[in-house]
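Enquirer: Just passing along the structure, written as structure tokens.
In the numbering used here, the protein residues as written are 24 to 1105.
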């Protein structure tokens, strides 16, 4: 080989030697990783960790596979301290740790782990004292700040993170409890902060069993993106609360006996750069099998709950937005200690919507339904209700005993239960002022008074839409009465609507109940309690009185053996002092009062109906229109002392003799001495007697067994077959009596007379019908009041007259056929009105007038005349027809619509459903009265229509974009009013309008027009839209023309009868407001 060839081989020899050395080194490193490095790493790990943790650390083995960049640690264990009470226990251990490092780490110069798994990890914590754990020394040591610099810029990627078969034990020796978290499994697909992964989702999952209760967590998050987002789904099943109640202790005296918790919740987190986080919680949480024992109250009880479910529609954890939840409770019961049956139970409670607005300090509840509430109320002999003992704390009793020296007002103030929105009581307000005064003067005040008062912030308000009580059962017993029997309402249904907890705004009440299984009660109306104000409609149907007679106590001297009561009417109460008003109809049926002493019936009847009851207490008045008394029997005895036996059935408290004599004397003085001398002063004011009015009493098939024991020898009479009527009746006055019957069923009996309790004033209740009376004879009255004679016409009437105390009230239904006025008559009393227009308004196309005239007058007036009174009412009707024609004509229609105008949406001139309904009614009136003409004027509201017109103009622009696009495509779309838009189309064409607008628009960082949400684009377009007076005038004209077009085209009104007049702008001082079109009849 030549020297030249040898020189050419030198580089190849050097390369071969270098490769050989590298291969040898790799073989050496691999040999070291398999033979020497694992052992060395194992010993160093055990030595250094043992020294660092001050606990024995052991490792079974370590595998290092450099060719695959894998690390495997087997049998890792950290024991307890050698000097601990349990040195043989492991603090932390795992069977296997696997780490797979990617070769990509060299390329990217950053740690990239393709897999890391931990198998069978075990952690054991011991709580040795209140604030002492078996790792307290480690917590203190590693809690010190690290001197290493925080390298937040280090890039990394860790994939396939898993923990399998984990176990955690918490041995709480301080609380004598032991808790285990078993079957811990964790999986995280990837965690990385490379730029390419910043917006990628990390989706971890976690599962375990907490003391045997399954827990499942799933989520996803982007922790390294500029806008951080995360979701966490939490599922927990059959979590036993009793194992953790010592960590959240209940008040002393209340113990948790059982209870499990379940949850299926989703927590959502979102935080944009430099903004507050948005955290929402949705899902449901459930309590099951809850049982509590409360020994802090006067009457200890055990409370049980089968299930409580809280459904979170959307809860803003930060409280910036309203949160909505739903509550469902199943089977709640409160059972007194030592008793078997619950004192209070509820089969179910549902609250379909609870909205909490922390910003507005407002709680809005939707419908709350309580199903099958069952409770027993017992009024003790002391007068206390036993159920209140379940809620009165024994501590409160002790406080009251200590506060006996305080004034009654102070005690009442302390005992008052606070309600949301309630104003401080006068006593409480006075105490506050006293405290403030003491503070200013330097006197000591309690620490509580130095704290910030809640009243400094806006008070929380609570609104409840509805509360429903379904199929409830109420058992009430009054032990203060010696003869009372329990009253049971079953079922009891109550509905409360629009509840104001302040009691100022009336709530709507509806109640239905069955009483003692023999009668029903219905109640509807309104109720407020601050101050008390109620308006209720009552319906009592056959409520048994036998079981309720004990409520009269010892006042009832006879025995009620049968009888039920019914009442249908209205009860109102309001004011201070309380004013009560009751109206309605009542019925007592199947009534029997038995004299047990003499073993004979005293009173019985089949029916007693009292109609049109009207009761007021201020002043005290009782009025009854009719009383129907049928199939009755009464044993009437005039006793030797001159009293009737029936009066003594109910013992009334006797008034003081001094008051009676003083009253009588005062009355005598008033009668005998019309003019009282100044020296004669009487201090006692006579009591105002109760005024009683009874219109009619109808008797049918009555029997009165009369025995007069006042005379000697006694007189007896048996009155049978009594029928007739009595009335009107009032105390100490005469009235008409018409009764027929027989004595001992043989001798016919007629009783005639008169009875008028208060005065000789005329009383009349009359119904009359009359048909086709010629009207010309009434010309003197028409000439006097209207200034015209009557040329022709006929009158038909259906009237009802009632005269009482000289006052006439009447309802007149009057029908006039072909009523025509004749020659004009000069009269000073005649009204100056366009009568022909009025008659045109009242007449239909057949020339008929049908009117209703309620009348009032006084028969004591010397000039009283029914005919003149009717004509006067008729003139009033004509006046109303002229001054308010639409009100009169609209009142005749169903619903009584006001037809003088129609309203429009601000900025628009479209006829909506309500306006069409009014126009349809107006068209009917015009078609039925062909001689009438109509004027229409369009109106605008400069404030509302200014903004509304901008919206209308924007909508037209958006529709125009679609119309243009459709036309270019060859699609016929009609007029712009025919164009309809879907939400997606609206957003699309709105953006096109926005781009074509010439005002300044927000730019992005490179100077191009910035894309905006639809709402922001709308705001910018509206803000730059100009509306002038001409636009508003045109809007008013379109409104008038829209009404006119509808009447002509839809209402079929001839075009010649409808006129459009000038445009009007609503002034600030005008009573009528808004965007409308007004009508005027001619």
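Every residue, glycine too, gets a C-beta built ideally from N, C-alpha and C.
Note that the structure is a prediction, hence the values are computed from the model and not measured.
Report yes or no: do the stretch 394–402 and the stretch 492–504 share at least 3 C-beta pairs separated by less than 8 Å?
Expert: The stretch 394–402 is in contact with the stretch 492–504.
Enquirer: Using only the alpha-carbon positions, how far apart do residue 1040 and residue 1017 sit?
Expert: Along the chain shown, one-based indexing puts residue 1040 at 1017. Along the chain shown, one-based indexing puts residue 1017 at 994. When rounded, the distance between both Cα atoms is 7 Å.
Enquirer: Using the C-alpha atoms, what's the distance from residue 923 back to residue 959?
Expert: Here residue 959 refers to the residue found at position 936 of the chain shown. Here residue 923 refers to the residue found at position 900 of the chain shown. Distance between the alpha carbons of residue 959 and residue 923: 10 Å.
Enquirer: Given residue 376, which residues of its chain have a CB within under 6 Å of its CB, disregarding the five upstream and five downstream residues?
Expert: Looking up residue 376 in the chain shown gives position 353. 389.
Enquirer: Where are the beta strand (DSSP E) runs, 3 residues long or more, that stay fully inside the stretch 943–1003, in chain order?
Expert: With a minimum length of 3 residues, the continuous beta strand (DSSP E) runs that stay inside the stretch 943–1003 are 957–963.
Enquirer: So which of 926, 244, 981 has the shortest CA-CA distance to residue 293?
Expert: For the purposes of this step, residue 293 is identified with residue 270 of the chain shown, where counting begins at 1. Taking only the C-alpha atoms, the option nearest residue 293 is 244.
Enquirer: Reducing DSSP to helix, strand and coil, say where residue 525 ends up.
Expert: Within the chain shown, the letter at position 502 stands for residue 525. Residue 525: coil per DSSP, three-state reduction.
Enquirer: If you run the structure through DSSP and keep just helix, strand and coil, what is residue 117?
Expert: Mapped onto the chain shown, residue 117 falls at position 94. Residue state, collapsed to three classes: strand.
Enquirer: If residue 618 sits next to residue 656, beta carbons under 8 Å apart, how far is it from one beta carbon to the other, in whole angstroms?
Expert: Within the chain shown, numbered from 1, the residue matching residue 618 stands at position 595. Within the chain shown, numbered from 1, the residue matching residue 656 stands at position 633. Actually they are not in contact, since the Cβ atoms of residue 618 and residue 656 sit about 13 Å apart, beyond 8 Å.
Enquirer: Which runs of the beta strand (DSSP E), 3 residues or longer, sit entirely within the stretch 269–336?
Expert: The stretch 269–336 contains these whole beta strand (DSSP E) runs: 277–294, 301–317.
Enquirer: Please name the residue, chosen from 954, 974, 415, 965, that lies closest to residue 1080 on a Cα-to-Cα basis.
Expert: Sequence index remark: in the chain shown, residue 1080 carries index 1057 (1-based). Comparing Cα-Cα distances from residue 1080 to each of 954, 974, 415, 965, the minimum goes to 954.
Enquirer: With DSSP run on the structure shown, which of helix, strand or coil describes residue 1098?
Expert: Looking up residue 1098 in the chain shown gives position 1075. In this structure, residue 1098 counts as coil in the three-state DSSP scheme.
Enquirer: Taking buried to mean at least 16 other C-beta atoms within 10 Å of its own C-beta, is residue 870 buried or exposed?
Expert: Taking the chain shown and counting its residues from 1, one reaches residue 870 at position 847. Exposed, by the Cβ-count rule.
Enquirer: DSSP three-state label for residue 610, please.
Expert: Position 587 of the chain shown, counting from 1, holds the residue named residue 610. Three-state result, residue 610: strand.
Enquirer: Counting only the same chain and skipping the five closest in sequence on each side, list residues whose C-beta sits under 7 Å from that of residue 146.
Expert: Here residue 146 refers to the residue found at position 123 when the chain shown is read from its first residue. Taken in chain order, the residues that qualify are 115, 191.
Enquirer: Note down the Cα distance separating residue 490 from residue 560, rounded to an integer number of angstroms.
Expert: On the chain shown, residue 490 is found 467 positions in, with the first residue counted as 1. On the chain shown, residue 560 is found 537 positions in, with the first residue counted as 1. Rounded to the nearest angstrom, the two C-alpha atoms are 19 Å apart.
Enquirer: Is the beta carbon of residue 184 less than 8 Å from the beta carbon of residue 211?
Expert: Residue mapping note: residue 184 aligns to position 161 of the chain shown, counting from 1. Residue mapping note: residue 211 aligns to position 188 of the chain shown, counting from 1. In contact: residue 184 and residue 211 (Cβ atoms closer than 8 Å).
Enquirer: On a CA-only basis, which of 554, 534, 553 is nearest residue 547? Give me that one, please.
Expert: Taking the first residue of the chain shown as position 1, residue 547 is located at position 524. Closest by alpha carbon: 534.
Enquirer: From residue 181 to residue 991, what does the alpha carbon distance come to, in whole angstroms?
Expert: Position 158 of the chain shown, counted from the start, is the residue given in the question as residue 181. Position 968 of the chain shown, counted from the start, is the residue given in the question as residue 991. Each residue's alpha carbon lies about 56 Å from the other.
Enquirer: In angstroms, rounded to a whole number, what distance separates the CA positions of residue 528 and residue 596?
Expert: Working through the chain shown from its first residue, we reach residue 528 at position 505. Working through the chain shown from its first residue, we reach residue 596 at position 573. Distance between the alpha carbons of residue 528 and residue 596 is about 15 Å.
Enquirer: Rounded to whole angstroms, what's the CA-CA distance from residue 148 to residue 203? Just pull it up for me.
Expert: Position 125 of the chain shown, counted from the first residue, corresponds to residue 148. Position 180 of the chain shown, counted from the first residue, corresponds to residue 203. So the two alpha carbons sit approximately 10 Å from each other.
Enquirer: Which first and last residues belong to the alpha helix (DSSP H) in which residue 1071 is found?
Expert: One-based indexing of the chain shown puts residue 1071 at position 1048. Residue 1071 -> alpha helix (DSSP H) spans 1052–1072.
Enquirer: Does the Cβ of residue 103 have 16 or more other Cβ atoms within 10 Å, making it buried, or fewer, making it exposed?
Expert: Mapped onto the chain shown, residue 103 falls at position 80. With 16 or more other Cβ atoms within 10 Å, it is buried.
Enquirer: In whole angstroms, what separates the C-alpha of residue 950 from that of residue 943?
Expert: Your numbering for residue 950 matches position 927 in the chain shown. Your numbering for residue 943 matches position 920 in the chain shown. If you take the alpha carbons of residue 950 and residue 943, they lie about 10 Å apart.
Enquirer: For residue 695, is the classification buried or exposed, using 16 other Cβ atoms within 10 angstroms of its Cβ as the cut-off for buried?
Expert: Locating residue 695 in the chain shown gives position 672, counting from the first residue. Unreliable positioning characterises residue 695 in this predicted model, as indicated by a pLDDT of 33, which lies under 50. The coordinate reading is nonetheless provided below. Exposed, by the Cβ-count rule.
Enquirer: Using a Cβ-Cβ cutoff of less than 6 Å, which residues in the same chain neighbour residue 372 once the five nearest sequence positions on both sides are dropped?
Expert: Along the chain shown, read from residue 1 onward, the residue named residue 372 stands at position 349. Cβ within range, chain order: 352, 393.
Enquirer: Go through its chain and collect everything with a Cβ distance to residue 677's Cβ below 7 Å, but skip five positions before and after it.
Expert: Here residue 677 is taken as the residue at index 654 of the chain shown, counted from 1. Only weak support is given to the placement of residue 677: the predicted model assigns it a pLDDT of 49, under 50, and the question is left unresolved by the model.
Enquirer: Taking the CB atoms as reference points, tell me whether residue 973 and residue 1048 lie closer together than 8 Å.
Expert: Residue 973 sits at position 950 when you count from the first residue of the chain shown. Residue 1048 sits at position 1025 when you count from the first residue of the chain shown. Going by C-beta atoms, residue 973 is nearer than 8 Å to residue 1048.
Enquirer: Along the chain, where does the beta strand (DSSP E) that runs through residue 371 open and close?
Expert: Counting from 1 along the chain shown, the entry for residue 371 is found at position 348. Unbroken beta strand (DSSP E) run through residue 371: 367–380.
Enquirer: What separation, rounded to the nearest whole angstrom, lies between the Cα atoms of residue 1008 and residue 970?
Expert: Against the chain shown, residue 1008 aligns to sequence position 985. Against the chain shown, residue 970 aligns to sequence position 947. Computed Cα separation, rounded: 24 Å.
Enquirer: Locate the beta strand (DSSP E) running through residue 1009, then write down its first and last residues.
Expert: Mapped onto the chain shown, residue 1009 falls at position 986. Element bounds for residue 1009: not the beta strand (DSSP E) but the alpha helix (DSSP H), 1006–1019.
Enquirer: Spatial neighbours of residue 1103 within its chain, please: C-beta separation below 6 Å, excluding the five flanking residues on both sides.
Expert: By 1-based counting over the chain shown, the position of residue 1103 is 1080. Answer for residue 1103: 958, listed in chain order.
Enquirer: Would you call the CB atoms of residue 80 and residue 95 closer than 8 Å?
Expert: By 1-based counting over the chain shown, the position of residue 80 is 57. By 1-based counting over the chain shown, the position of residue 95 is 72. Cβ atoms of residue 80 and residue 95: not closer than 8 Å.
Enquirer: By Cβ distance below 6 Å, which residues in the same chain neighbour residue 510 in space, the five residues on each side in sequence not counted?
Expert: Sequence index remark: in the chain shown, residue 510 carries index 487 (1-based). The answer, listed in chain order, is 499.
Enquirer: Applying the 10 Å Cβ sphere with the 16-neighbour rule, what's the burial state of residue 899?
Expert: Against the chain shown, residue 899 aligns to sequence position 876. Residue 899 comes out exposed.
Enquirer: Have a look at 255, 82, 77 and flag the residue whose alpha-carbon is nearest the alpha-carbon of residue 69.
Expert: Here the question's residue 69 lines up with position 46 in the chain shown. The candidate whose alpha carbon is nearest that of residue 69 is 82.
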